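Residue numbers (the working numbering): 321 to 720.
Note that CB positions come from ideal geometry on N, CA and C, so glycine has one too.
Only a predicted model underlies this, so the values are computations on that prediction, with no experimental measurement involved.
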């Protein structure tokens, strides 16, 4: 989605490798009430005098960032990207960007921004002295796609339409406004990803002329961005480059985010999807996965998901449609099945059932031994499915 939970998890792993004690909100309870509960839970640790340094690493909801940044005055604020999410709650992305800007103006700490995201990079204007940027290496940028999802097609400052001379995905890339000249800032940290693999991502980071290779045990280009955000956060906090990159090998996927677990002779992989770009990235990953043995999608429309599911019509299913039968479940399974039908799936290839448990069993049985059943749920569907699978297959609790 926007990478908050995964980025926080990676930052915690990197800081623990440096000997820090960590207080965080691992369950993703990122409103003011969630942070209050986390701090109350760790009162003793906050008061404790220990040889190990203490770091507080919090995921914060966009709408609460302004209030909480003013109260907490974070040492480093990391802004990952702006992709459309929960339209009925946040409205357009410019509004979300303005909520974040309010928090940055109310705090004095360092700022980490994605150089490739025009909305994100625009937050650095007027804050140059305390901002570091991360971005994809030029060699990895691709020619602009005619149907790229431009969530942020127009300049934040003058309204001119951006031009691109290289793209990552979605609206991330090397942008420039021909009207006022606002352009992608030069990243302080760049990353170059290796070929796609199903279980990890090879990365080459460059920082101030120094390069280091890394192995991230979480696959996907979008997780390369999350790793780059985490490494840049440590650099912004004054920690050294090489140990931060080396510690990436100890990071692990957050619950439901490229999370794999064995079930008998097969594997199951959960990939949380909540917006068009997130779904596109997941479909692209599954399409290139040599171990894919089945696909299941789940769509709910509860408050944490956003009630508006019209975003599924902006997903490029036509370009990434998995072959064979697709299982479709969740409260809004019929909306999703209709979208897949219009994308080219025949009715006989769509297994539709609002109750996911029986459909999961059927798809798992159809998955060949040694292969993986890929499941793409949105948020509350993922929580419900993960809880069911935890009971049935003795998985760790989702926040562990």
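Tell me, to the nearest whole angstrom, how far the beta carbon of residue 371 is from that of residue 350; I am working on the premise that it is less than 8 Å.
So it is not a contact: roughly 30 Å between Cβ atoms.
Residues in the same chain with beta-carbon distance under 7 Å from residue 357, minus the five sequence neighbours each way, listed in chain order, please.
349
Three-state class that DSSP yields for residue 691 in the structure shown:
coil
Using the three-state DSSP reduction, which class does residue 657 fall into: helix, strand or coil?
helix
For residue 539 and residue 593, the rounded distance between their alpha carbons:
15 Å
What are the residues that DSSP puts in a beta bridge with residue 599?
The partner list for residue 599 (beta bridge, DSSP) is empty, contrary to what the question assumes.
Less than 8 Å between the C-beta atoms of residue 441 and residue 454, yes or no?
no
Pick helix, strand or coil for residue 417, following the three-state DSSP scheme.
helix
Where residue 340 sits in the DSSP three-state scheme:
coil
Could you tell me the distance, in whole angstroms, from the CA atom of residue 633 to the CA atom of residue 695?
19 Å
What residues match up with residue 662 in a beta bridge as DSSP calls it?
The partner list for residue 662 (beta bridge, DSSP) is empty, contrary to what the question assumes.
Per DSSP, the bridge partner or partners of residue 580
589
Within this structure, are the beta carbons of residue 618 and residue 715 separated by less than 8 Å?
no
I'd like the span of the beta strand (DSSP E) that includes residue 638, first residue to last.
Unbroken run through residue 638 is the alpha helix (DSSP H), 637-640; no beta strand (DSSP E).
Determine the DSSP secondary structure at residue 562, reduced to helix, strand or coil.
helix
Please report how far the alpha carbon of residue 438 lies from the alpha carbon of residue 346, in whole angstroms.
29 Å
For a minimum of 4 consecutive residues, which ranges assigned as the alpha helix (DSSP H) are wholly contained in the stretch 419-446?
438-442
Opening and closing residue of the beta strand (DSSP E) in which residue 396 lies
396-399
Let's see if you can read the secondary structure: which residues bound the beta strand (DSSP E) around residue 512?
509-513
Tell me, to the nearest whole angstrom, how far the beta carbon of residue 264 is from that of residue 329; I am working on the premise that it is less than 8 Å.
Because the chain spans 321 through 720 in this model, residue 264 falls outside it and cannot be assessed.
Using CA coordinates, which residue listed in 501, 457, 542 is at the minimum distance from residue 507?
457
If you run the structure through DSSP and keep just helix, strand and coil, what is residue 448?
helix
List the endpoints of the continuous beta strand (DSSP E) containing residue 618.
612-618
Alpha carbon of residue 499 to alpha carbon of residue 426, nearest angstrom:
30 Å
Using the Cβ count rule (16 or more neighbours within 10 Å means buried), how would you classify residue 591?
buried
Using three-state DSSP, classify residue 381 as helix, strand or coil.
coil
Delimiting residues of the alpha helix (DSSP H) encompassing residue 482:
No alpha helix (DSSP H) holds residue 482; DSSP gives it neither H nor E.
Candidates 596, 688, 543, 640: which alpha carbon is nearest residue 611's?
688
On a Cα-Cα basis, can you pick out the residue from 447, 517, 402 that is closest to residue 491?
402
If distances are taken between C-alpha atoms only, which option among 463, 461, 423 comes closest to residue 447?
423
Whole-angstrom C-beta distance between residue 504 and residue 461, which should lie under 8 Å
No, residue 461 and residue 504 are not in contact; Cβ-Cβ is about 10 Å, not under 8 Å.
Residue 710 - DSSP class collapsed to helix/strand/coil:
helix
How big is the Cα-Cα spacing for residue 392 and residue 383?
15 Å
Reducing DSSP to helix, strand and coil, say where residue 363 ends up.
helix
Terminal residues of the continuous alpha helix (DSSP H) containing residue 647?
Note, residue 647: premise wrong, no alpha helix (DSSP H); beta strand (DSSP E) at 646-649.
Can you give the Cα-Cα distance for residue 656 and residue 615, rounded to whole angstroms?
14 Å
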